[in-house]
Every structure is written in C-alpha cells, then in structure tokens.
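Student: In this note's numbering, the protein residues as written are -18 to 168.
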Ligand SMILES: [Zn+2]
C-alpha cells in the first residue's frame, strides 16, 4: 500500500499480528498504533478515515480516526456503558455548559484532524462525490448531533489518542487500568 493511493502505514508486521489477535481479523487501513498498553500491545490505533479499494479508489467515507483495540480496556469501558453512563454523561453535557463547550471543541478538533489525515487526492474525491458533509459536519466517530455521545469506546479512544473530555471524565472517575507487563508488580 505504498503506491501513493494510500498513506504508508507506520504499523509493523508485529503490530498487525497483535491487532489481528485482538480484533479477530487483520485490519486494513491502519495508519499507526497511536498508543500501546505498557504490556506492549496496541491500545488505540489511528485509522485511515476512508475505505479504499485495491486500486486506491475511494469506496466510502469512514469517519472514525481513533479506535480502541485493547481487549481489557474495551471490557472496562463496556461495563460503564452497561451501567448507563452514556445517558448520564449526556445529561451532564446538557447541564454543564463548560463541559459541553469542551466536548463540542473535541468534535471540531477530531473533524479537522480527520480531514487532514486524508491524502490530497482523496480530499478531492470526497468533494467530487459529495461526501464532504460527512467530513466537515460530523464529529467524533461520525456523530452528527454534537450533544450525543453514541459510544464510550469512541470517546475513550479519542481521549487516549488525543484529547476528549468524556474519556478524561471516565478515566478520572473510574481509574481505568491499562495492561501492565507481566513482570512488573501491579497494584
Ligand atoms: Zn491493553
């Protein structure tokens, strides 16, 4: 994938092997591992925000840039989803104007970084195909209504890979634990 139709991926074969073990399939479109758990496996990956065919042709918008892959953190975050934390955080977004303003700013930053991640030729294709709206107006993971949270995994991945007030809130409230190397004492 280094023929200019797709940005050269920074991910090593080792990274891709570990991702295949985590996700159950070998992912295409990985730009790089953004964050590793201290144990050494990928925690958050940066993903190419466009689905690209074998000839480099643009197939469809993919408005997700950061993706949580650590199975342990996925489980921890899923637990908070099952306790209803999406709704509780959406209530806070309504009630707390500073929190809301920061969250909206996180959406904006995500959108700009996502657009900048596209190769110039793909930016042109996106405009030609009329997909620009997806890139200009949606936020984190393609969220259209910026007061909504949609998925805590998306938010936590953005927190770990860049900055996100919802993910930071989860981290501060619940001290989510990354995976530690087996030889180092935990706790
Ligand atoms: Zn981990």
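Glycine is no exception: its CB is placed at the ideal position from the N, C-alpha and C atoms.
1. Compute the Euclidean distance between the alpha carbons of residue 126 and residue 164, then round it to the nearest angstrom.
2. Taking 8 Å as the threshold (C-beta atoms), are residue 31 and residue 140 in contact?
3. According to DSSP, is residue 63 part of a helix, a strand, or is it coil?
4. Is residue 112 helix, strand or coil by DSSP?
5. Rounded to the nearest angstrom, what separates residue 130 and residue 37 at their Cα positions?
6. Output the residues surrounding ligand 1, defined as those with a CB atom closer than 5 Å to any ligand heavy atom, in chain order.
7. Could you give the residue range of the alpha helix (DSSP H) that holds residue 84?
8. Among residues of its own chain, excluding the 5 on either side of residue -10, which ones have a beta-carbon nearer than 8 Å to its beta-carbon?
9. Using 8 Å as the Cβ pair cut-off and three pairs as the minimum, do the region 16 to 25 and the region 92 to 99 touch?
10. Using the Cβ count rule (16 or more neighbours within 10 Å means buried), how would you classify residue -16?
11. In chain order, what residues of the same chain have a beta carbon less than 6 Å from the beta carbon of residue 42, not counting five sequence neighbours either side?
12. With residue 44 and residue 119 assumed to form a contact (beta carbons below 8 Å), what rounded beta-carbon distance in angstroms separates them?
13. Is the distance from the Cβ of residue 39 to the Cβ of residue 147 below 8 Å?
14. Given this structure, state the Cα-to-Cα distance separating residue 61 from residue 49, to the nearest angstrom.
15. Is residue 101 helix, strand or coil by DSSP?
16. Report the partner residues of residue 39 according to the DSSP bridge assignment.
17. Output the distance between the C-alpha atoms of residue 134 and residue 59, rounded to the nearest integer angstrom.
Tutor: The structure says:
1. 45 Å
2. no
3. helix
4. coil
5. 32 Å
6. 18, 51, 53, 160
7. 78 to 98
8. -18, 11, 12, 13
9. no
10. Confidence at residue -16 is low in this model, with a pLDDT of 44, below 50, so its placement is unreliable and no value can be given for it.
11. 112, 115
12. 5 Å
13. no
14. 15 Å
15. helix
16. 33
17. 8 Å
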